[in-house]
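To keep things clear, I will list the structure first and then write my remarks on it.
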Amino acid sequence: DDAIVQQAVYDPSTVDWKAVVEACRLIGRFEKRMAGMIIRAGYHDAMSIDTACRKKTPGSIKCGGADASALLSSGKTPAVNEAKRNESQHRSYLRRAAKAIIPIAQKYNASVADTLAVCAMAITSTLAGASGRQAPNMLDLVPLRVGRIDHAEANPENSLLPGEASLTQMSDYWTARGMTLEEGVALLGIHALMENKGCMVTSNARRSAAYGRKLVHTYAKGANISTCNPYGDGVDNPAGKKPVKGSCPRLQMHKLDTQFYLDLATPTVSMFDVKLDVGLKDLDEETYRVNLKDITCSFSSEEFRKVAIKEASDERSGDIEHWPDGGWLVHNLTGVFWSTNNCQGTAKDSKTRANCNHMVYWPYTRLDGFMAAAVQSPEELEDAKPVVDRVAASVKDYMNGSAAKWYLDYAKAYAKMMSVAADWSPKAGFPTFNECTAYVKAGAKDESSGYCKACTRPATWETNAAKARTALAASKRSPGPCPKDCVCASAAAGRDFDWKAMSCGVVCVN
Ligand code: HEM
C-alpha cells in the first residue's frame, strides 16, 4: 500500500541537525585525530563507486556511493566488509569512525550516511586553522543536502584510487565520478592532516637496514628525541599533556590549512618508498621505543594513546599478529622528502622559502608526490601536458591564495563528493541546522502513524566533552540485538536497511 510505504520513508527534516553537529564536534574535541579519520571515512564511503555499473544501471545501490556502507557493511571478507579492505586498514580508521558516527545517527534518528557526511564537514572546526585561527566548520561555508539512504551492503571493491596512481589516472578517476580534476586537487589539500606532521623533534633521522635502507623515523642510539606532541606513556612526558606551542614551529599536527600545497611547491622535493615490511616484534629495543613514540604522537587524547601503546605492545609480544585488522605496519607508504637546503636563503621564491620550515620527512602518498612534480619538475612526468598543467595551476593557486579560498573550494568539493552518487529519500532537503529538537525514542510506538512517538530532549542533554568520552566508550560495544521493547524497526522497512547486520538503532534510541 502506497500510503504505508510513504510513511516509512526517511524524513531528514525531523532530525535535530544542530545537535548532530554538536555531537560530532564533541568527538573531535575529545580526540583530534578523529577528524581526519571521519573525513577520510566519508571520502571512502562516497567514492567507492563502480563507474561502469553506474553507467549501466544509474542509481543502482549496488554501484556504490555515500550510503554509509563503509561503516555498516560487515562480514568476513573484504568483498562484503569495507572495513577489511587494504585501504581501510590504517589505524583502523573505518572502525573508529563507525564507533563514533553510528551512535550519533541512532540517537537522532538520522541516516548513518547523512550523519557521516554532516560530521565530516562539521568536525573540521575542532582543528586549528590558518594563522592561529580555528579551521572553519565547512557547513558554515556551503549547504549540504541531507536525506541519504543507508545500505549495509558493501560498495564495490577496488574502486578507490591507489596511493601510487599517476596524475592521468587521478584525472580519469575524478572525472568518472562526476567530479572535476580541480575539485580533486582541492580535496587532496586535506592530506595536511596525514599523521605525524612534525611530531618528532630530532635531526637524527637515518636509514635503517631493517626497513630496507629507507629513510624512516628511526634514530641513532641514544639520540635525544623529543616530541612536539608529547605522548602519554608517563616516561618522557607527563600523561595528557597538550601539544607544545611555540617551541615547535614545525608542528602541523591537527592543523588544517594550505600547508599541503605549500609543501608540494617546496623546491627539491623527492620521493622514496617506505615498505614497512618489518613488524614491531622484530625491532630492536631502541627502534621500538622510537616507533612507539611515533605511533602515539599523532593522537591528541590520552585515551587513544593508551590504546595505541597497548596494541603496539601486544603486537610486539606476539599477542596479536597485527592491530587489529592485520594492518598495523603492513601498509606501504610513499614518503615525500624535502631537502631543507633551499630553505636557508638560496631559494629564489621568497614565499616558498618562508614556508618550508618543516621536517625533512613527512609522509604523503606517491600521488601527492606526483602533484609536487607537476609544479617542480613537470618534464619528469609521463602524463599528458594539459593534465600536468591543470594540476600545477590548481596547486599554485592554493599555494599563493588565501586559506579562505581553499576552505571554500574544499567545502564545495566535499559536499559535492558526498552527494554525486547518494541514494536520496524522496524527503531529502537542505536543513538549516537549526531545526526542531524533537526526536524519537525507543519503546513507545504511535499506533496511528506507525512511527515511534516523538519525545522532548532530556534536560540532561550532553553538552560537554566528558559526555563525548562516555559516548565513545559506549560505542565500543559491538552492535547487539534489538532491545525487546524496540518495536520501531518496522517503521524503517522502506529504507532498505540491513537490520540483521546492524542494531536497530537508526530508528530506535536506547
Ligand atoms: C584520490 C586519491 C587519494 C589517495 C590515493 C589517498 C591515499 C591516502 C593514503 C595512502 C593515506 C595514508 C594512509 C597511511 O598512512 O597509510 C591517506 C590519508 C588520508 N586521506 Fe587520503 N587519499 C586520497 C584522497 C583523499 C580524499 C579525497 C580525502 C578527503 C577529502 C582524503 C582524506 C585523507 C585523510 C584525512 C588522511 C589522514 C587520516 C589519518 O588521520 O590517518 N584522502 N590517504
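Using my numbering, read the sequence shown as starting at 2 and increasing by one per residue. From the three backbone atoms N, C-alpha and C, an ideal C-beta is built for every residue, glycine too.
For Val147: DSSP bridge partner residues: Along the sequence shown, one-based indexing puts residue 147 at 146. DSSP lists Gly430 as partners of Val147.
C-alpha distance - Ala98 paired with Met35, whole-angstrom precision: Within the sequence shown, residue 98 is the residue found at index 97, counting from 1. Within the sequence shown, residue 35 is the residue found at index 34, counting from 1. So the alpha carbons of these two residues sit roughly 7 Å apart.
Own chain, CB closer than 7 Å to Val376, minus 5 neighbours either side, in chain order: To locate residue 376, count along the sequence shown from 1; it is residue 375. Cβ within range, chain order: Leu265, Ala266, Ala393, Val396, Lys397.
Distance CB(Ile124)-CB(Ile39) smaller than 8 Å: As a first step, residue 124 must be located in the sequence shown, where it is residue number 123. As a first step, residue 39 must be located in the sequence shown, where it is residue number 38. Yes, the Cβ-Cβ distance between Ile124 and Ile39 is below 8 Å.
Val16 (DSSP reduced to helix, strand or coil): Here residue 16 corresponds to residue number 15 of the sequence shown, with the count starting at 1. Note: Val16 maps to coil in three-state DSSP.
CA-to-CA distance, Leu72 to Ala20, given in whole angstroms: What you label residue 20 is simply residue 19 of the sequence shown in a count that begins at 1. What you label residue 72 is simply residue 71 of the sequence shown in a count that begins at 1. Using only the alpha carbons, I get a separation of about 21 Å.
Boundaries (first-last residue) of the alpha helix (DSSP H) holding Thr259: Working through the sequence shown from its first residue, we reach residue 259 at position 258. Neither: Thr259 is in no alpha helix (DSSP H) and is coded neither H nor E.
Any beta strand (DSSP E) of 3 or more consecutive residues that is wholly inside the stretch 355-425: 362-364
Helix, strand or coil at Gly1 [DSSP, three-state]: Given a span of 2 to 511 for the chain in the structure shown, any question on residue 1 remains unanswerable.
Enclosing alpha helix (DSSP H) for Thr52 [first to last residue]: Residue 52 sits at position 51 when you count from the first residue of the sequence shown. Looking at the DSSP string, the run of the alpha helix (DSSP H) that includes Thr52 is 52-57.
Test item: CB-CB of Val528 and Leu95 under 8 Å: The chain is shown only over 2 to 511; residue 528 falls outside these bounds and no answer can be derived.
CA-to-CA distance, Asp424 to Ile62, given in whole angstroms: Taking the sequence shown and counting its residues from 1, the one referred to as residue 62 is at position 61. Taking the sequence shown and counting its residues from 1, the one referred to as residue 424 is at position 423. Whole-angstrom Cα-Cα distance: 7 Å.
N-terminal and C-terminal residue of the alpha helix (DSSP H) that Met122 is part of: As a position in the sequence shown, residue 122 is number 121, starting the count at 1. 113-123 is the span of the alpha helix (DSSP H), which, as asked, contains Met122.
Bridge partners - Gly65, DSSP secondary structure assignment: One-based indexing of the sequence shown puts residue 65 at position 64. Its beta-bridge partners are Ile50.
At least 3 beta-carbon pairs within less than 8 Å: the stretch 165-182 vs the stretch 141-157: no
Met254 Cβ short of 7 Å to the ligand HEM heavy atom set: Translated into the one-based positions of the sequence shown, residue 254 becomes position 253. Result no, Cβ not under 7 Å from the ligand HEM.
Distance cut-off 7 Å: Tyr408 Cβ against heavy atoms of the ligand HEM: Reading the sequence shown from its first residue, position 407 is the one you call residue 408. Checking the Cβ of Tyr408 against the ligand HEM gives no.
Cβ-heavy atom distance, Arg41 to the ligand HEM, below 7 Å: Position 40 of the sequence shown holds residue 41. Yes; taking the cut-off as 7 Å, the Cβ of Arg41 has a heavy atom of the ligand HEM nearer than that.
Three-way DSSP call (helix, strand, coil) for Ala153 in this model: Taking the first residue of the sequence shown as 1, we reach residue 153 at position 152. It is coil, neither helix nor strand.
Whether Tyr411 touches Gly190 by CB criterion (8 Å): On the sequence shown, residue 411 is found 410 positions in, with the first residue counted as 1. On the sequence shown, residue 190 is found 189 positions in, with the first residue counted as 1. Their beta carbons are under 8 Å apart, which means Tyr411 touches Gly190 by this criterion.
Same chain, Cβ closer than 6 Å to Ser142, five either side skipped, listed in chain order: As a first step, residue 142 must be located in the sequence shown, where it is residue number 141. A small correction: the amino acid at residue 142 is Leu; Ser does not occupy that position in the sequence shown. Closer than 6 Å at Cβ, skipping near neighbours: Leu409, Ala412.
The ligand HEM heavy atom lying under 7 Å from the CB of Ile191: The residue you call residue 191 lines up with position 190 of the sequence shown. Because some heavy atom of the ligand HEM lies under 7 Å away, the Cβ of Ile191 counts as near it: yes.
Element boundaries [alpha helix (DSSP H), containing Gly179]: As a first step, residue 179 is located in the sequence shown; it is residue number 178 there, counting from the start. That residue, Gly179, is in no alpha helix (DSSP H); it is neither H nor E in DSSP.
Buried versus exposed call for Ser132 [16 or more other C-beta atoms within 10 Å across all chains shown]: Counting from one through the sequence shown, the residue named residue 132 turns up at place 131. Label assigned to Ser132: exposed.
Simplified DSSP assignment, three categories, for Gln90: Residue mapping note: residue 90 aligns to position 89 of the sequence shown, counting from 1. DSSP places Gln90 in coil when its eight states are reduced to three.
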